[in-house]
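From first to last, the protein sequence lines are chains A and B.
Using my numbering, you'd call the opening residue of the first sequence number 24 and step up by one each time.
Using my numbering, you'd call the opening residue of the second sequence number 81 and step up by one each time.
Ideal Cβ placement from N, Cα and C applies to all residues, glycine included.
Since the model is a prediction, treat every value here as computed from it, not as a measurement.
Scroll down for the structure; my scribbles are underneath it.
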Amino acid sequence: MARAATARAIRPAVRDTAHDGFLTHRNSRWLKIALGLMLFAVLVYALTDAEPRANGGSVAGYLLGTIGALLIVWLSSLGLRKRIVTRGPYSLKGWTSAHVWLGLSLIVVGTLHSGFQFGWNIHTLAWALMMVVILSGLYGIIVYARLPAQLSANRQETTQPQMLEAIRALDRQIDTAAQPLAAAETALVRLSLEKTSIGGNLWQRLSGNYAGDGNGRALAAIQAEVDGQRRAGRPDPALTQILFLLERKAAALAQARRHIGLRARLELWLYLHVPATFALLAALTAHVVSVFLYW
Amino acid sequence: MSEVFRIAIIGSGPAGLSAAAHAARLGLSHVLLEKTGHLSDTIYKYQKGKHVMATPSQLVLRAGGGLPFDAGKRETILGNWSEAAAALGVNVRHDAEVRAISGTGAPIAGSVQKIVTRKRDGSSETKELQRHAPPYRLQLADGAEILAETVILAIGTQGNPNLMACPGGDGRQVQYQLDDPQEYTDEHIFVIGGGDAGIENALGLAADAAQANIVSLVNRSAEFSTAKDANVKALLAARDAGRISILTGTTTRSIEPGWITLDTPDGEVRARCDRVIARMGSAPPRAFVEACGIEFTSNDRLAYPRLSPVFESTAPGIFVVGALAGYPLIKHCMNQGHDVVEFINGNRDLKPADEPILEAKFRGLAPAGRPDGLSVADWLEHLRGRVSILNGMSPLQMREFMLDSEVRAYRAGEIVFERNAPGSSLFGVVEGEVRVEVDPTNPAITVPLGAGTIFGEVGLISGRRRGATIRAGSDCILVEIARGAALKLMSAVPAAGREVTRITTTRSLQQIFKSGLTPDDLAAIIETAKVETIRAGQAIINEGEDGDDIFIIRSGSMVVEKSIGGKPVFLSYVPAGSYVGEMTVIDGGKRTATVRAAVKADVIRLEGARFRDLLAAKPDLLARLRADMATRTSLNSFIESKKDGFRGVVDMYTGVANFLVDQGLGEATDVLLIDEKLCVGCDNCEKACADSHDGLSRLDREAGRTYAHLHVPTSCRHCEHPHCMADCPPNAIHRGPTGEVYIDETCIGCGNCQRGCPYGVIRMDKLPPKKPWLLSWLLFGSGPGPGEPDKAWRYKHTPKGVEAPKKAIKCDMCAGQSGGPACVRACPTGAAIRVSPEQFLSVALLDRGAG
Chain A
24 MARAATARAI RPAVRDTAHD GFLTHRNSRW LKIALGLMLF AVLVYALTDA EPRANGGSVA
84 GYLLGTIGAL LIVWLSSLGL RKRIVTRGPY SLKGWTSAHV WLGLSLIVVG TLHSGFQFGW
144 NIHTLAWALM MVVILSGLYG IIVYARLPAQ LSANRQETTQ PQMLEAIRAL DRQIDTAAQP
204 LAAAETALVR LSLEKTSIGG NLWQRLSGNY AGDGNGRALA AIQAEVDGQR RAGRPDPALT
264 QILFLLERKA AALAQARRHI GLRARLELWL YLHVPATFAL LAALTAHVVS VFLYW
Chain B
81 MSEVFRIAII GSGPAGLSAA AHAARLGLSH VLLEKTGHLS DTIYKYQKGK HVMATPSQLV
141 LRAGGGLPFD AGKRETILGN WSEAAAALGV NVRHDAEVRA ISGTGAPIAG SVQKIVTRKR
201 DGSSETKELQ RHAPPYRLQL ADGAEILAET VILAIGTQGN PNLMACPGGD GRQVQYQLDD
261 PQEYTDEHIF VIGGGDAGIE NALGLAADAA QANIVSLVNR SAEFSTAKDA NVKALLAARD
321 AGRISILTGT TTRSIEPGWI TLDTPDGEVR ARCDRVIARM GSAPPRAFVE ACGIEFTSND
381 RLAYPRLSPV FESTAPGIFV VGALAGYPLI KHCMNQGHDV VEFINGNRDL KPADEPILEA
441 KFRGLAPAGR PDGLSVADWL EHLRGRVSIL NGMSPLQMRE FMLDSEVRAY RAGEIVFERN
501 APGSSLFGVV EGEVRVEVDP TNPAITVPLG AGTIFGEVGL ISGRRRGATI RAGSDCILVE
561 IARGAALKLM SAVPAAGREV TRITTTRSLQ QIFKSGLTPD DLAAIIETAK VETIRAGQAI
621 INEGEDGDDI FIIRSGSMVV EKSIGGKPVF LSYVPAGSYV GEMTVIDGGK RTATVRAAVK
681 ADVIRLEGAR FRDLLAAKPD LLARLRADMA TRTSLNSFIE SKKDGFRGVV DMYTGVANFL
741 VDQGLGEATD VLLIDEKLCV GCDNCEKACA DSHDGLSRLD REAGRTYAHL HVPTSCRHCE
801 HPHCMADCPP NAIHRGPTGE VYIDETCIGC GNCQRGCPYG VIRMDKLPPK KPWLLSWLLF
861 GSGPGPGEPD KAWRYKHTPK GVEAPKKAIK CDMCAGQSGG PACVRACPTG AAIRVSPEQF
921 LSVALLDRGA G
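Below is the structure:
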């Protein structure tokens, strides 16, 4: 209890406060390494003279193949690294940076390893799957570079649960406001309340085209009715109130749908990238085993 | 008027009930007066099923009459107490609100209580009250009177609700509490008061349309400035949905059965009204207590009644215990209830229950010349006599103070704290001396501080890291006073407060200006130094004005702005511990920039003329100031030059800087920022946070404000003076060794910190059950996967019948994890960064605008 206790000036853990994205992490360190690796692969390919022609079975071919296979296995471990939160220093941003640039360098390493020998076999399947993975990843980089700013601008400081809650709140208000309406008009309002799916199906999410959804139809029909009443004289105030609420709901839906659409585009490519990676790992195994079995 | 009770106990909370139970067991004639219709109103009002904690755990329970108490559900505790009170035959009088207490004996010669009442316009009025000897007459609200020889005041600090002052305000349709909103149907109800309580009541009454209540909320001002943002939003939504009508800028004129008359901005309105629920805050009990002849230690808002070691107040025969005496925890209260009855019953030698805790603090220590050590009481007296700022304390205050403090022995040469170590405690030198290493480059240059003095006050006042390394100069004994206890001390003993301010001013001048200044050099300037409190947004220096005073920022922070092309441009951010205003002192002329407070700040104003004298005497100091000034001037001209070519960039810089200051960065030490140009919304930061902290995330990425794609998520800013720390009954919130503000395991789950945090970063939750291993999720899909498990999974996997308390959960900056904050480590794109405001509110921000 009473012994001396010293308040030490413990240095806070070293942390990355640099404000740069994963592409330029640490002065584009991994871009430089990847360029070096590609240069190395090209030099190996150009300077060795395999007989009868360049192929995966030559010394240079084995070298590039080993590098490529190890890279593929390591690159696929990002999924694991992302989910394991260890206590020591690491930077997932650094991992992503390396993943992106080394992954892109595989285009050169893998293709040169093949010696441009393509055919209908397991070996070319492995190459093709690798290209699918890399190209889907390239698309992912483009999406990651362009969409976050749009996502942020569309959000306008509301969170996704808040957007959904705002729509539910409008639904409750519409429900209350529709009580004095006649049956035919109530049927229209029910379109908005019962036949509106916020997210819609995948196609709607990606295209942003929700034509014909319940709220849109209800809005158009009630708009037409109010316009008609306006021409005839004074519109029914209960109906104009509904119209106002449906318009607000349309705006809220549009925001939520843009949000969901952007989220979908940010994630969708992974549904190709990751399964293709597993297929690639299987094909790669088959490729390696078969090469050694049928030497 | 019949019986004269031996003891009248006012308030049936833990302290009062314990006292009454003990009096009943001892067979003393007593009466327990409770304002409401049930015992222990404060605990009664806890939400249903709340888990009540029993801290501090090392303190033994000495409950009066053997009242049972252990951590458990609110219902169990209240049930046990009711049963025990009935079994002991406690004489309870319900619905007995005491309005006044006065002595009925002869006037006590020379015993006059001065009561100062301060009015809204700033003037004050002093009333004198002649104390009379016991027995005391207690006047109840219903007109009855009770006589008692001694009175135990255990009324807590909740106070009484502010009453409706308008005609008819005492009518039957007016109530000050809403227990169950579902109780009322088909009524016209007016809720008065736009604070959280009023809004929550109004929302509750209007929640179910089937109840068909017509609810109106009346607020005196035009805005709901005291209520939580979420509550105001919900209220406005309810208004838009037509469920509640809101009357702002409105006061009540009169109430009569069935009707209410209001003064609205558009004139008088009379409306149907079956019920008025008045939620206009509550008045602290101080006025009532003072009117009983009980003196407080100071006029400070935090002050407690002046008490003797046996809890007797300045009115002989009136004892004060419990939260009103400054002990907010249930266990303390119950122990005091027991002790005070023992004291009244003549057992004056009883040692308080915290004696073993204090004994442990002094174990193994011996002051010089007393190798056998001292008793606790002698130790307290020794400390009080030795350390100058403790001189004015009473023995009871010393005891309480010591519970939050530590006494330690240091060998010569041992380090007490290092420069840049975090810490906000105050140290007093009891014996020996310490040496301050004033020069970071040369530890040989030291300044000695002898017995009786204090140090560490800069950390206490500014909330920043320690400014110098302190080493024991000889073998010495030091007392370390925790920040809370030090603040209490400064408010309880005004002389101590003044002394600390004077020392802080001198030392912060020495520390800021260095240049070998001695206290003697500074004596003249300190004489004219004034400490001023500046509210957020207020300017201390205005561009273009005359003036040559220098300001030292003691706490809070400032921003410097300059008007360029008619628009204010953000120049720099000035944290506590810096100075501003030196340019006109050195170069003359008018002020060249505006300095305003980013958050509420304390500054020391030094007179320019005196400062110039000092500069004339100290050429070193002048050189130093000139060097600082050159840096500042070059920054100004850099930004001005940018302004010509890159107007947009500078506007953006100013916009972002002002936005961040508005988001509380002015009082932050470390804040999480998200660049939404990079954030893909994967929520890996939240998942990493949950996975590295028992499965609960301490940050909400999506919530929070955004400006120019820079997002400040809902996550702890580790404020310099944390709002959460202000009112923590078990003192469970501390600042850790890397500057993080964290909550330790003694949290009782009261939620004060959550309510106190203006940024909404504290959540109250139970720890979720342990998740299966990650690989078994990856391979077999068992468990909820990375991140915080969802409610359904938690519910399903929580063992049934085990009571788990909700505790306060907040960011601890991943202290103890060598990798630093997990949210930053786990961000795949580099969107999340954690920075200090000085790091970020700098020219680096200009580059961001450009990039």
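Status (buried if at least 16 other CB within 10 Å, exposed otherwise) for residue i
| i | result |
| --- | --- |
| R634 (chain B) | buried |
| F860 (chain B) | exposed |
| L470 (chain B) | buried |
| A737 (chain B) | buried |
| K55 (chain A) | exposed |
| T300 (chain A) | buried |
| Y85 (chain A) | exposed |
| R797 (chain B) | buried |
| T206 (chain B) | exposed |
| S717 (chain B) | exposed |
| H174 (chain B) | exposed |
| Y490 (chain B) | buried |
| S92 (chain B) | buried |
| A50 (chain A) | For clarity, residue 50 (chain A) is Asn in the given sequence; the question names Ala instead. So N50 (chain A) ends up on the exposed side. |
| I157 (chain B) | buried |
| E163 (chain B) | exposed |
Reference residue i; option with closest CA among the options
| i | options | result |
| --- | --- | --- |
| K115 (chain B) | B:A286, B:I90, B:A566, B:A164 | B:I90 |
| C894 (chain B) | B:P447, B:E766, B:E494, B:G532 | B:E766 |
| Q210 (chain B) | B:A221, B:E225, B:S182, B:T197 | B:S182 |
| E625 (chain B) | B:V640, B:T672, B:E303 | B:T672 |
| Y317 (chain A) | A:S100, A:I145, A:P258 | A:I145 |
| R727 (chain B) | B:F650, B:I550, B:P869, B:R874 | B:F650 |
| A317 (chain B) | A:Y162, A:K105, A:T134, A:R195 | A:R195 |
| E225 (chain B) | B:S474, B:D259, B:E177 | B:E177 |
| D807 (chain B) | B:D150, B:P389, B:A314, B:K568 | B:K568 |
| L293 (chain A) | A:L174, A:F141, A:S159 | A:S159 |
| R704 (chain B) | B:R546, B:P864, B:A770, B:L597 | B:L597 |
| S455 (chain B) | B:T749, B:L438, B:G449, B:V467 | B:L438 |
Nearest-angstrom Cβ-Cβ length linking residue i and residue j, presumed shorter than 8 angstroms
| i | j | result |
| --- | --- | --- |
| R946 (chain B) | L327 (chain B) | The question about residue 946 (chain B) has no answer here: the residues shown for chain B are numbered 81 through 931. |
| P112 (chain A) | G472 (chain B) | Contact doesn't hold; Cβ gap of about 50 angstroms is too wide. |
| Y659 (chain B) | I592 (chain B) | 6 angstroms |
| V679 (chain B) | G636 (chain B) | 5 angstroms |
| G761 (chain B) | D43 (chain A) | 19 angstroms between Cβ atoms; not a contact. |
| E280 (chain B) | N311 (chain B) | 6 angstroms |
Range of the contiguous alpha helix (DSSP H) that encloses residue i
| i | result |
| --- | --- |
| D601 (chain B) | 599-608 |
| W459 (chain B) | 456-466 |
| Y124 (chain B) | 121-124 |
| E537 (chain B) | 537-542 |
| V580 (chain B) | 574-593 |
| E766 (chain B) | 764-771 |
| H814 (chain B) | Here H814 (chain B) belongs to no alpha helix (DSSP H); instead the beta strand (DSSP E) covers 813-815. |
| R491 (chain B) | That residue, R491 (chain B), is in no alpha helix (DSSP H); it is neither H nor E in DSSP. |
Boundaries (first-last residue) of the beta strand (DSSP E) holding residue i
| i | result |
| --- | --- |
| C413 (chain B) | Unbroken run through C413 (chain B) is the alpha helix (DSSP H), 410-424; no beta strand (DSSP E). |
| S643 (chain B) | 637-644 |
(request) Decide if the stretch 93-107 of chain B is in contact with the stretch 370-382 of chain B; the criterion is three or more beta carbon pairs, one per stretch, under 8 angstroms apart. (result) no
(message) Taking 8 angstroms as the cut-off, does the stretch 598-614 of chain B touch the stretch 657-671 of chain B (at least 3 CB pairs, one atom from each stretch)?
(response) no
(message) Is it the case that the stretch 254-267 of chain B contacts the stretch 286-303 of chain B, given that we only count it when at least three CB pairs across the two stretches are under 8 angstroms?
(response) yes
(message) Does the structure place the stretch 871-884 of chain B close enough to the stretch 779-789 of chain B that three or more beta carbon pairs sit under 8 angstroms?
(response) no
(request) Determine, using beta-carbon pairs with one atom in the stretch 405-415 of chain B and one in the stretch 245-262 of chain B, whether at least three such pairs fall under 8 angstroms. (result) no
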